[in-house]
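Residue numbers (this note's numbering), protein chains in the order written: chain R, 180 to 487; chain U, 31 to 345. We put the CB at the ideal spot given by N, CA and C, even for glycine. Remember, it's a predicted structure, so these values are computed and weren't measured experimentally.
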Amino acid sequence: MKLSTTTGLYQQRGDTDHLRDMNEVLQVLRSVGYEEIDLSFCFQDKPDYLLRGEDWERNVDQLGETAAKLGISFYQSHLPFVKGASMKKSALFQRPEYRAYFDECVRRAYVAGGRLGVRWAVAHPLSFPEYNFETEASLKENRAYYDQFVELGIQCGTGTAFENMLPSLDREMAARYCQHYEQLIELVDSYADPMVGICWDTGHANQMQLVQGRALRAVGSRLKTLHINDNHYGNRDEHLLPYMGTVVWPEVMEALVEIGYSGTLNYETGKVTSEAYGEIQLGLVELTYRNGLYLLDLYEKALQKRGS
Amino acid sequence: MKLSILTGILEVSGDHSGLRDLNEVLQVLHEIGYDTVDLGLTPVASPDYVLRGDGWEKRIEAIGNTAAKLGITIAQSHLPTPKNASFDLDPNGKKPGYQEYFDECLRRAYAASGMLGVPFGTVHPLTYLDAVSSSKELLERNRRYYDKFVEWGIRCRVGTAFENMRPDSPNWRFPARYGQNYRDLLELVDSFDDPMVGVCWDTGHANHAQCKQGEALRAIGGRLKNLHINDNHYGCRDEHLLPFMGTVDWPQFLSALAEIPYQGVLNYEVGNTARRAPRVLQVEVLKTAYQNGLLLLDMYEKARAGIGRPDGEGA
Chain R
180 MKLSTTTGLY QQRGDTDHLR DMNEVLQVLR SVGYEEIDLS FCFQDKPDYL LRGEDWERNV
240 DQLGETAAKL GISFYQSHLP FVKGASMKKS ALFQRPEYRA YFDECVRRAY VAGGRLGVRW
300 AVAHPLSFPE YNFETEASLK ENRAYYDQFV ELGIQCGTGT AFENMLPSLD REMAARYCQH
360 YEQLIELVDS YADPMVGICW DTGHANQMQL VQGRALRAVG SRLKTLHIND NHYGNRDEHL
420 LPYMGTVVWP EVMEALVEIG YSGTLNYETG KVTSEAYGEI QLGLVELTYR NGLYLLDLYE
480 KALQKRGS
Chain U
31 MKLSILTGIL EVSGDHSGLR DLNEVLQVLH EIGYDTVDLG LTPVASPDYV LRGDGWEKRI
91 EAIGNTAAKL GITIAQSHLP TPKNASFDLD PNGKKPGYQE YFDECLRRAY AASGMLGVPF
151 GTVHPLTYLD AVSSSKELLE RNRRYYDKFV EWGIRCRVGT AFENMRPDSP NWRFPARYGQ
211 NYRDLLELVD SFDDPMVGVC WDTGHANHAQ CKQGEALRAI GGRLKNLHIN DNHYGCRDEH
271 LLPFMGTVDW PQFLSALAEI PYQGVLNYEV GNTARRAPRV LQVEVLKTAY QNGLLLLDMY
331 EKARAGIGRP DGEGA
């Protein structure tokens, strides 16, 4: 298994609202040691968003050239997502022009992923408080929204991995659809397509107080991508490095071995670095890599243990 | 100013039970680069607590010898404190004999600090749940509890630094902790009218209290004796993260620190970044903490030299 991180680890910085140029981000992440990268297309509200404006295809192609030069591969990407998981509850989505912009960003993210060889694009299942969070209605509405994109992804050669969601920690909603893996499996299985799978976020699962080994065994071969991060149950969605929170990492690694997961060990720990800048930020990025090597070692040991 | 770190960051780990021997802790910190530490004397409930039982003085002497051999200065100590800064909220608080045991630990901690040449030990102002609405009564009751220890500290040549507290977030069981407002803290410290009583400033607690840290530090001025440098996000748990992992305004804090006559060390209290990690990973976190500290020191020095806003780009 290869170690990976999201570009979100270094796109943001604490001394400005501007995003770093993605080519620079790749260069820095490669210099730290990363060869596998999760392309974050989640900053659609920023003025300097990669997929905004008319030159987005040129920007994407240039990024591809930079990646090729650096020897970087993109196993996965993160599609734009609805903050809070509900369009109904989002003020932005009440404006039809924003909804159209968002949908276009999702479309572009799939196309960009296809051009860059992304194998899996991660999508957040949507929640529908207007339907009382009913499972059947939520599944139907998610299909109504995502089917066109899943199809587009297939045309682009990119699968769609639906992510287990975080419960609504601020209690703005009583529950989020697919915060429990049973709903997530039902959604994914409804496609009955090998190009639709699951992204497992270890931090979101921890906020659900899940026994992650049991959950991952239920997910099984549907698992296509990972969001590795840590947190403390009941606190914010901290996205800390492994062992800075309360996730039971040996259990997660053993379960990954058991289910034969073949993707990357992808860290989603951008909040560790997003307030920093300068050399301090770089130091934190380096720490994520060293932490990742430890977790990889843990995985390899679990692999050997299972093999012996 | 020297960089320092609380020994507590290495005393517990995710792959070993019990407390790590403090001599070993000093050795590891030394190997990473630290030559100045804050001696954590807080884990009174642990069976391995360094001040528990007979022979504690010998153990402290051994720590002193280790520190001397390694060239480590013990620049401040953290004295025992009840959990949640309140005997009313400490799960052990009502157990028979606990108060006597705790008080003896505190007494020993002062004595140990004196043996090791520590200038100031940090204590937490106490909150009494039946008096939370009266700063005057809380001050009186803190004096009633701490006076004998402050006096004992003076005899041991150890000053007492009262720490700014964080609010009871995210639980909010009561409106405010005593000492979360720096004006209450100053009132308590000034009531002693003694240079051996001062302030320990915890940057994370202040962030939770939504305190303008520059303004607070300027008000504290020369009373500042110890620091607990850490970061967090307002309203969440007391995260004790590395600087720039949370929302503390570090340039503002460092500018103010550079303005006041602080003689102490830049002491990191960031145990939550490593306490659950296996030991091998703890070392990686500590290396990053050390580099982070050197960069923060550099920002501080630039602020002292008046080189503009001490932002990280120049660091």
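Sequence-distant residues of its chain with Cβ nearer than 8 Å to R:LEU444 (five each side left out): Counting only residues of its own chain and dropping the five nearest sequence neighbours on each side, R:LEU444 has a CB closer than 8 Å to the CB of MET180, LYS181, LEU182, SER183, LEU405, ILE407, GLY471, LEU474, LEU475 and TYR478.
Neighbour flag for U:GLN240 against chain R, beta carbons, 9 Å: No, because no Cβ of chain R sits closer than 9 Å to the Cβ of U:GLN240.
Proximity test, Cβ basis, 9 Å: R:THR425 and chain U: Yes, because at least one Cβ of chain U sits closer than 9 Å to the Cβ of R:THR425.
Proximity test, Cβ basis, 9 Å: R:GLY193 and chain U: Chain U, which has a Cβ nearer than 9 Å to the Cβ of R:GLY193, makes this yes.
R:GLU215, enclosing beta strand (DSSP E) - first and last residue: Taken as a continuous stretch (DSSP letters only), the beta strand (DSSP E) holding R:GLU215 covers 215-219.
Outcome for U:HIS46 when other beta-carbon atoms lying within 10 angstroms are tallied against a minimum of 16: Note on U:HIS46: under 16 other CB atoms within 10 angstroms of its CB, so exposed under the neighbour-count rule.
Extent of the continuous alpha helix (DSSP H) to which U:LEU284 belongs: Taken as a continuous stretch (DSSP letters only), the alpha helix (DSSP H) holding U:LEU284 covers 280-289.
Other residues of its chain near R:GLN191: CB distance less than 6 Å, five sequence neighbours each side excluded: Contacts found: SER453.
Burial state of U:ASP177 (16 or more Cβ within 10 Å): Counting every other CB atom within 10 Å of its CB across the protein chains shown gives U:ASP177 a total below 16, marking it as exposed.
Euclidean distance between Cα positions of R:LEU327 and R:ARG286: Sequence inspection shows Gln at residue 327 of chain R; the Leu mentioned does not correspond to that position. Whole-angstrom Cα-Cα distance: 9 Å.
Selection from U:ASP198, U:GLY265, U:LEU254 and U:LEU109 that minimises the alpha carbon distance to U:GLY151: U:GLY151 has its Cα closest to that of U:LEU109, out of U:ASP198, U:GLY265, U:LEU254 and U:LEU109.
Three CB pairs or more closer than 8 Å across the segment 61-69 of chain U and the segment 190-207 of chain U: No, the segment 61-69 of chain U does not touch the segment 190-207 of chain U.
9 Å Cβ cutoff, R:GLU458 in contact with chain U: Chain U contact via Cβ: present.
Length of the line joining the Cα atoms of R:ILE459 and U:GLN240: Each residue's CA atom was taken as its position, placing R:ILE459 and U:GLN240 some 24 Å apart.
C-alpha distance - R:THR381 paired with U:PRO200, whole-angstrom precision: Between R:THR381 and U:PRO200, the C-alpha separation is close to 23 Å.
R:GLY449 at chain U interface by Cβ criterion, 9 Å: Under the Cβ criterion of 9 Å, R:GLY449 is not counted among the residues facing chain U.
Outcome for U:THR111 when other beta-carbon atoms lying within 10 angstroms are tallied against a minimum of 16: Buried: at least 16 other Cβ atoms inside 10 Å.
Per-residue contacts from R:GLY462 into chain U (C-beta, under 7 Å): Residues of chain U whose Cβ lies closer than 7 Å to the Cβ of R:GLY462 are, in chain order, THR318, GLN321 and ASN322.
R:THR452 (DSSP reduced to helix, strand or coil): Here R:THR452 sits in coil by DSSP.
Alpha-carbon to alpha-carbon, R:PRO259 and R:LYS225: Spanning the two alpha carbons is a distance of roughly 12 Å.
Paired residues, beta bridge with U:GLU193 - DSSP: Bridge partners of U:GLU193: U:CYS230.
Rounded Cβ spacing between R:ASN321 and R:LEU366 (contact assumed at less than 8 Å): With a Cβ gap of about 6 Å, R:ASN321 and R:LEU366 count as contacting.
As assigned by DSSP and simplified to three states, the class of U:SER388: Shown here, chain U extends from 31 to 345; a query on residue 388 of chain U therefore has no answer.
Euclidean distance between Cα positions of U:ALA92 and U:GLY183: For U:ALA92 and U:GLY183, the distance between alpha carbons rounds to 21 Å.
Segment limits, beta strand (DSSP E) that includes R:GLN255: 252-257 is the extent of the beta strand (DSSP E) around R:GLN255.
Validate contact between the segment 420-435 of chain R and the segment 241-256 of chain R using beta carbons, cut 8 Å, 3 pairs: Segments in contact, no.
U:LEU284 at chain R interface by Cβ criterion, 9 Å: Answer no: the Cβ-Cβ gap between U:LEU284 and chain R never drops below 9 Å.
Under 9 Å (Cβ pairs) to chain R, residues found in the segment 251-274 of chain U: Near chain R, meaning a CB-to-CB distance below 9 Å, the residues of the segment 251-274 of chain U are ASP261, HIS263, GLY265, CYS266, ARG267, GLU269, LEU271, LEU272, PRO273 and PHE274.
U:LYS332 versus U:VAL310, U:GLN321 and U:ALA288, residue with shortest Cα-Cα distance: It is U:ALA288 whose Cα lies nearest to the Cα of U:LYS332.
Status (buried if at least 16 other CB within 10 Å, exposed otherwise) for R:HIS197: It is exposed - the Cβ of R:HIS197 has fewer than 16 other Cβ atoms within 10 Å.
R:TYR228 - DSSP class collapsed to helix/strand/coil: Three-state result, R:TYR228: coil.
Rounded straight-line distance, which links the Cα of R:LEU208 to that of U:ILE259: About 28 Å.
Neighbour list for U:GLU61 in chain R, Cβ cutoff strictly below 8 Å: Chain R residues near U:GLU61: none, gap ~16 Å exceeds 8 Å.
Contact with chain R by U:ALA304, beta-carbon distance below 9 Å: Taking Cβ atoms only, chain R reaches closer than 9 Å to U:ALA304, which makes this a yes.
Residues near R:LYS403 by beta carbon distance below 7 Å, same chain, minus five either side: Annotation for R:LYS403: TRP299, GLY338, ALA340, GLY376, ILE377, CYS378 and GLY442 place their beta carbon closer than 7 Å to its own, counting only its chain and skipping 5 residues before and after.
Start and end residues, beta strand (DSSP E) containing U:GLN106: Under the DSSP assignment, U:GLN106 falls in the beta strand (DSSP E) whose first and last residues are 103-108.
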